[in-house]
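A.B. asks: Under our numbering, residues 15 to 518 are what the sequence shown spells out, in order. Heads up, the beta-carbon is just placed ideally off N, CA and C, and yes, glycines get one too. From a predicted model like this one, the values you see are computed outputs, not experimental measurements.
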Amino acid sequence: MDDLVRMSATELADALTNGQVSSVEVTQAHLDRIAAVDGAVHAFLHVCDDEALATAREVDRARSAGEDLHPLAGVPVAVKDVVVTHGVPTTAGSRILEGWVPPYDATLVTRIKHARLPILGKTNMDEFAMGSSTEHSGYGDTHNPWDLDRIPGGSGGGSAAAVGAYEAPLAIGTDTGGSIRQPAAVTGTVGAKPTYGSVSRYGLIALASSLDQAGPVTRTVLDAAWLHELIGGHDPLDSTSLTDPVPDLVGAARQGATGDLSGMRVGVVTELGGEGYQPGVLARFSEALELLTAAGAEVVEVSCPHFEYALAAYYLILPAEASSNLARFDGMRYGLRIEPSAGPVTAERVMAATRGQGFGDEVKRRIILGTYALSAGYYDAYYGSAQQVRTLVQRDFSAAYAKADVLVSPTAPTTAFRLGEKLDDPMAMYLNDVATIPANLAGVPGISVPAGLGDDGLPVGFQVLAPVRADDRLYRVGAALEAALESGWGGPLLAQAPELEVAR
Ligand code: GLN
Numbered sequence: 015m016d017d018l019v020r021m022s023a024t025e026l027a028d029a030l031t032n033g034q035v036s037s038v039e040v041t042q043a044h045l046d047r048i049a050a051v052d053g054a055v056h057a058f059l060h061v062c063d064d065e066a067l068a069t070a071r072e073v074d075r076a077r078s079a080g081e082d083l084h085p086l087a088g089v090p091v092a093v094k095d096v097v098v099t100h101g102v103p104t105t106a107g108s109r110i111l112e113g114w115v116p117p118y119d120a121t122l123v124t125r126i127k128h129a130r131l132p133i134l135g136k137t138n139m140d141e142f143a144m145g146s147s148t149e150h151s152g153y154g155d156t157h158n159p160w161d162l163d164r165i166p167g168g169s170g171g172g173s174a175a176a177v178g179a180y181e182a183p184l185a186i187g188t189d190t191g192g193s194i195r196q197p198a199a200v201t202g203t204v205g206a207k208p209t210y211g212s213v214s215r216y217g218l219i220a221l222a223s224s225l226d227q228a229g230p231v232t233r234t235v236l237d238a239a240w241l242h243e244l245i246g247g248h249d250p251l252d253s254t255s256l257t258d259p260v261p262d263l264v265g266a267a268r269q270g271a272t273g274d275l276s277g278m279r280v281g282v283v284t285e286l287g288g289e290g291y292q293p294g295v296l297a298r299f300s301e302a303l304e305l306l307t308a309a310g311a312e313v314v315e316v317s318c319p320h321f322e323y324a325l326a327a328y329y330l331i332l333p334a335e336a337s338s339n340l341a342r343f344d345g346m347r348y349g350l351r352i353e354p355s356a357g358p359v360t361a362e363r364v365m366a367a368t369r370g371q372g373f374g375d376e377v378k379r380r381i382i383l384g385t386y387a388l389s390a391g392y393y394d395a396y397y398g399s400a401q402q403v404r405t406l407v408q409r410d411f412s413a414a415y416a417k418a419d420v421l422v423s424p425t426a427p428t429t430a431f432r433l434g435e436k437l438d439d440p441m442a443m444y445l446n447d448v449a450t451i452p453a454n455l456a457g458v459p460g461i462s463v464p465a466g467l468g469d470d471g472l473p474v475g476f477q478v479l480a481p482v483r484a485d486d487r488l489y490r491v492g493a494a495l496e497a498a499l500e501s502g503w504g505g506p507l508l509a510q511a512p513e514l515e516v517a518r
């Protein structure tokens with residue numbers, strides 16, 4: 015048997031089903047790996063050794079009793095700390111939630127538990143999912159396993175680094191403007207943002223409710239399809255949940271892996287490329303396009319003229335929604351409570367002291383921006399205009415999908431940058447998301463798959479976007495590219511990933 019932590023989730027699932035290995039062995043191997051490397055990577059904020067092993071023992075017992083099990087039963091998973099977990103500390107990367115232990119599970123966690131996947135722990139993230147580097151976490155940086163001096167992307171850098179460093183075969187992320195796809199791109203992993211409303215948001219700590227969506231982070235496209243199917247589908251507890259069944263994603267990934275894309279029209283978005291993108295990123299993108307053409311796809315050029323304004327619109331809509339969502343952190347209900355050191359202890363003064371100390375700079379910046387954009391007298395000029403741009407972006411997508419079945423672009427303009435490089439320059443940080451944000455504004459699904467290494471030897475991501483409810487196309491095209499590039503983690507493309515064997 016191969017080293018258990020290097021196997022894909024699908025391989026682990028097969029080995030478990032065939033009785034070649036137990037879930038306790040698989041889970042323990044990942045917990046050992048976390049103990050060995052997470053001192054250097056810091057992907058986890060909380061590790062659930064006992065709970066994970068208890069689930070693993072329960073799966074092993076059920077399997078030997080001949081019970082019907084989900085195909086992924088016994089395969090461990092890591093969960094981003096913005097997802098609430100019953101009895102397990104949940105902070106969303108913020109000091110304001112330090113010590114908070116949720117009394118309930120998010121729907122996606124309920125589904126994971128029902129399918130009996132051991133939960134390894136909660137992963138680090140930018141505070142309240144605001145950021146592209148995980149440097150805005152209230153609990154320290156996560157390091158990119160490819161180069162520990164570099165960022166793992168954000169906001170879900172912890173989930174991507176955990177998967178990239180072989181600490182977990184599967185992880186859950188959330189994507190409001192790119193927080194699943196961009197970390198996947200810079201860590202050489204696969205990350206998918208489902209169609210808005212197709213995975214329940216019940217129990218996700220809200221950043222921007224009209225943009226947030228949870229999805230899978232894995233090392234292979236097929237693994238992502240399995241996890242996506244597991245967490246997706248209607249949930250009466252989420253008022254924006256779609257009632258449609260989840261498309262056959264695993265089937266689509268398997269079809270794509272045969273390498274046949276005939277009949278697929280692939281649209282290259284003119285506006286997502288060129289200036290501002292690293293030459294190595296653009297080179298890997300063009301090579302990937304050639305491979306898709308060789309697989310039988312028809313490549314066409316499409317223009318989405320309003321994508322140019324998507325970033326600006328997003329940075330008004332997101333802060334507006336966030337300023338409202340974060341109003342609930344008032345020192346009365348959850349986590350941190352700071353009483354003023356002098357003077358009367360009034361509700362308002364407790365709120366001011368708690369929020370002043372509990373929130374980090376990026377969160378405060380966005381609350382101020384959002385409150386301003388929503389204030390009387392400015393609402394129409396800022397929030398109203400941004401919503402109009404959002405409609406124009408949606409129309410661009412509709413027009414593009416009349417010409418192409420999927421749209422493609424680089425996932426991020428650059429490979430992983432150095433820790434600290436963009437921390438003091440919010441605009442530079444925001445620009446990482448130029449290629450991922452349009453999908454969130456329109457609610458369309460997207461995936462990032464590895465496309466090789468840039469000129470600096472660091473991973474580059476290839477983004478595929480599909481129309482709303484056509485998430486299966488992401489998996490068909492993604493798996494075809496993975497097969498053509500041999501970019502699965504067993505293949506030559508990512509064989510260069512650093513070993514990180516020594517605990518530092
Ligand atoms: N980096 C983007 C932001 O800071 C995206 C965040 C996200 O998807 N959660 O808003």
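Please name the residue, chosen from Gly172, Asp64 and Glu65, that lies closest to valine 55 on a Cα-to-Cα basis.
C.D. replies: Counting from 1 along the sequence shown, the entry for residue 55 is found at position 41. Of the listed residues, the one whose Cα sits closest to valine 55 is Gly172.
A.B. asks: Nearer than 6 Å: is that true of the beta carbon of aspartate 375 relative to any heavy atom of ligand 1?
C.D. replies: One-based indexing of the sequence shown puts residue 375 at position 361. For ligand 1, not one heavy atom lies less than 6 Å from the Cβ of aspartate 375.
A.B. asks: State the Cα-Cα distance for the pair tyrosine 216 and alanine 308, rounded to the nearest angstrom.
C.D. replies: On the sequence shown, position 202 is the one that residue 216 refers to. On the sequence shown, position 294 is the one that residue 308 refers to. For tyrosine 216 and alanine 308, the distance between alpha carbons rounds to 42 Å.
A.B. asks: In angstroms with no decimal places, state the Cα-to-Cα distance between aspartate 237 and proline 230.
C.D. replies: Taking the sequence shown and counting its residues from 1, the one referred to as residue 237 is at position 223. Taking the sequence shown and counting its residues from 1, the one referred to as residue 230 is at position 216. Cα to Cα, aspartate 237 sits roughly 9 Å from proline 230.
A.B. asks: Tell me whether serine 423 sits in a helix, a strand or coil according to DSSP, three-state version.
C.D. replies: Translated into positions along the sequence shown, residue 423 becomes position 409. It is a strand residue.
A.B. asks: Cα separation between alanine 27 and serine 36?
C.D. replies: Residue mapping note: residue 27 aligns to position 13 of the sequence shown, counting from 1. Residue mapping note: residue 36 aligns to position 22 of the sequence shown, counting from 1. If you take the alpha carbons of alanine 27 and serine 36, they lie about 10 Å apart.
A.B. asks: So, for glycine 504: in the same chain, excluding its five sequence neighbours on each side, which residues have a beta-carbon less than 6 Å away from its beta-carbon?
C.D. replies: Within the sequence shown, residue 504 is the residue found at index 490, counting from 1. Caution is warranted here: a pLDDT of 49 is assigned to glycine 504, below 50, making its placement in the model unreliable, and the coordinate value is therefore given only provisionally. Answer for glycine 504: no residue qualifies.
A.B. asks: Quick check: the stretch 112-121 against the stretch 138-151, are at least 3 beta-carbon pairs closer than 8 Å?
C.D. replies: Judged by Cβ distances under 8 Å, the stretch 138-151 makes no contact with the stretch 112-121, as fewer than three pairs qualify.
A.B. asks: Tell me the residue span of the alpha helix (DSSP H) that contains arginine 298.
C.D. replies: Working through the sequence shown from its first residue, we reach residue 298 at position 284. Where arginine 298 is concerned, the enclosing alpha helix (DSSP H) stretches over 293-308.
A.B. asks: In three-state terms, what does DSSP make of threonine 188?
C.D. replies: The residue you call residue 188 lines up with position 174 of the sequence shown. In this structure, threonine 188 counts as strand in the three-state DSSP scheme.
A.B. asks: On the criterion of 16 or more Cβ atoms from any shown chain inside 10 Å, does arginine 195 qualify as buried, or is it exposed?
C.D. replies: Here the question's residue 195 lines up with position 181 in the sequence shown. Buried, since its Cβ has 16 or more Cβ neighbours within 10 Å.
A.B. asks: Answer yes or no: do glutamate 315 and valine 282 have a C-beta to C-beta separation smaller than 7 Å?
C.D. replies: Counted from its first residue, the sequence shown places residue 315 at position 301. Counted from its first residue, the sequence shown places residue 282 at position 268. Result yes, Cβ atoms of glutamate 315 and valine 282 sit closer than 7 Å.
A.B. asks: To the nearest angstrom, how far is it from the Cα of alanine 79 to the Cα of glutamate 39?
C.D. replies: The sequence position of residue 79 within the sequence shown is 65, counting from 1. The sequence position of residue 39 within the sequence shown is 25, counting from 1. Going from the Cα of alanine 79 to the Cα of glutamate 39 covers about 18 Å.
A.B. asks: Buried or exposed for aspartate 447, please, with buried defined as at least 16 other CB atoms from any protein chain shown within 10 angstroms of its CB.
C.D. replies: On the sequence shown, position 433 is the one that residue 447 refers to. So aspartate 447 ends up on the buried side.
A.B. asks: Output needed for proline 440: all residues of its chain with C-beta closer than 8 Å, excluding positions within five of it in sequence on either side, in chain order.
C.D. replies: Looking up residue 440 in the sequence shown gives position 426. Within the same chain, proline 440 has close Cβ partners Glu376 and Arg379.
A.B. asks: How would you call aspartate 394, buried or exposed, if buried means at least 16 neighbouring beta carbons within 10 angstroms?
C.D. replies: For the purposes of this step, residue 394 is taken as the residue at position 380 of the sequence shown. Flag for aspartate 394 reads exposed.
A.B. asks: Going by C-alpha distance, which of Gly152, Thr148 and Tyr153 is nearest arginine 164?
C.D. replies: In the sequence shown, the residue the question calls residue 164 occupies position 150. Comparing Cα positions, the closest option is Thr148.
A.B. asks: In whole angstroms, what is the alpha-carbon distance linking serine 169 and alanine 179?
C.D. replies: Translated into positions along the sequence shown, residue 169 becomes position 155. Translated into positions along the sequence shown, residue 179 becomes position 165. Approximately 17 Å, taken between the alpha carbons.
A.B. asks: Can you tell me which of Gly372, Ala311 and Arg483 puts its alpha carbon nearest to the alpha carbon of serine 276?
C.D. replies: Along the sequence shown, one-based indexing puts residue 276 at 262. It is Ala311.
A.B. asks: Under the rule that 16 or more other beta-carbon atoms within 10 Å means buried, what is serine 253, buried or exposed?
C.D. replies: Working through the sequence shown from its first residue, we reach residue 253 at position 239. Label assigned to serine 253: exposed.
A.B. asks: Compute the Euclidean distance between the alpha carbons of arginine 351 and serine 193, then round it to the nearest angstrom.
C.D. replies: Indexing the sequence shown from 1 puts residue 351 at position 337. Indexing the sequence shown from 1 puts residue 193 at position 179. Going from the Cα of arginine 351 to the Cα of serine 193 covers about 29 Å.
A.B. asks: So is isoleucine 382 buried or exposed if we call it buried at 16+ other beta carbons inside 10 Å?
C.D. replies: The residue labelled residue 382 in the question sits at position 368 within the sequence shown. Exposed: under 16 other Cβ atoms inside 10 Å.
A.B. asks: Note the first and the last residue of the continuous beta strand (DSSP E) segment covering leucine 479.
C.D. replies: Taking the first residue of the sequence shown as position 1, residue 479 is located at position 465. 473-479 is the extent of the beta strand (DSSP E) around leucine 479.
A.B. asks: Using only alpha-carbon positions, find the residue among Lys136, Gly53 and Leu421 that is nearest to glycine 287.
C.D. replies: The sequence position of residue 287 within the sequence shown is 273, counting from 1. Checked all of Lys136, Gly53 and Leu421; the closest Cα to glycine 287 is Leu421.
A.B. asks: For histidine 60, list the residues DSSP reports as bridge partners.
C.D. replies: Looking up residue 60 in the sequence shown gives position 46. DSSP output for histidine 60 lists Lys136 as bridge partner(s).
A.B. asks: So valine 73 and alanine 87 are in contact, right, with Cβ under 8 Å, and what is the actual spacing, rounded?
C.D. replies: In the sequence shown, the residue the question calls residue 73 occupies position 59. In the sequence shown, the residue the question calls residue 87 occupies position 73. Rounded, the Cβ-Cβ distance is 5 Å, consistent with contact.
A.B. asks: Roughly how many angstroms separate the alpha carbons of alanine 520 and alanine 43, rounded to a whole number?
C.D. replies: Given that the chain is displayed from residue 15 to residue 518, the structure contains no residue 520 and the question cannot be resolved.
A.B. asks: Is it buried or exposed for serine 337, if we count other Cβ within 10 angstroms and need 16 for buried?
C.D. replies: Start at 1 with the first residue of the sequence shown, and residue 337 comes out as number 323. With 16 or more Cβ atoms within 10 Å of its Cβ, serine 337 is classed as buried.
A.B. asks: Hey, how far is the Cα of proline 424 from the Cα of arginine 404?
C.D. replies: Stepping through the sequence shown from its first residue, residue 424 is reached at position 410. Stepping through the sequence shown from its first residue, residue 404 is reached at position 390. Taking the straight line joining both Cα atoms gives about 21 Å.
A.B. asks: Is it the case that the stretch 442-457 contacts the stretch 485-502, given that we only count it when at least three CB pairs across the two stretches are under 8 Å?
C.D. replies: Not touching, per the Cβ criterion.
A.B. asks: Following a CB-centred definition, is aspartate 17 positioned closer than 6 Å to any heavy atom of ligand 1?
C.D. replies: Reading the sequence shown from its first residue, position 3 is the one you call residue 17. Not under cutoff, so the answer is no.
A.B. asks: Determine the extent of the alpha helix (DSSP H) in which arginine 195 is found, giving its start and end residues.
C.D. replies: The residue you call residue 195 lines up with position 181 of the sequence shown. Where arginine 195 is concerned, the enclosing alpha helix (DSSP H) stretches over 195-201.
A.B. asks: Hey, how far is the Cα of threonine 124 from the Cα of threonine 31?
C.D. replies: Residue 124 sits at position 110 when you count from the first residue of the sequence shown. Residue 31 sits at position 17 when you count from the first residue of the sequence shown. Cα-Cα distance, rounded: 22 Å.
A.B. asks: According to DSSP, simplified to helix, strand and coil, what is alanine 43?
C.D. replies: Sequence index remark: in the sequence shown, residue 43 carries index 29 (1-based). Of the three classes helix, strand and coil, the one that applies to alanine 43 here is helix, per DSSP.
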